Amino acid sequence: FANYSNAANAATEHMHLFSCDGLTWTVLETQAPTINSTKGTTLVYEKSTGDIHALSNGKHMTTKAKSYPCK
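Our numbering applies: residue 5 is where the sequence shown begins, and numbers increase by one.
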């Protein structure tokens, strides 16, 4: 979810949550930066390295994929 501001007419950061059942949640990340400009982010998973690539407005971000198994 995002911290949408009516005054700014945009969100400046968002939080990532994870749930197996839709009732209980785990916070994965807080205060993730949000880009408010031309939309069009592409996500790509690179199986050989385990990397997730995000390409957005000419910016390339990479993070390692993680598994969050449900019990």
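For every residue, glycine included, the Cβ atom is placed at its ideal position computed from N, Cα and C.
None of the values given here were measured: they were computed from a predicted structure.
List the DSSP bridge partners of threonine 28.
In the DSSP assignment, threonine 28 forms no beta bridge with any residue.
Which residue's Cα is closest to the Cα of glycine 62: Pro73, Met19, Thr46?
Thr46
Rounded to the nearest angstrom, what separates phenylalanine 112 and threonine 16 at their Cα positions?
Within the shown structure, residues of the chain are numbered from 5 to 75, placing residue 112 beyond reach of any answer.
Quick check: the Cα distance between glutamate 33 and proline 73, rounded to an integer number of angstroms?
For glutamate 33 and proline 73, the gap between their C-alpha atoms comes out near 17 Å.
Proximal residues to methionine 4 (C-beta, below 6 Å), its chain only, five neighbours per side dropped:
Limits of the chain in this structure are 5 at one end and 75 at the other, which puts residue 4 out of reach.
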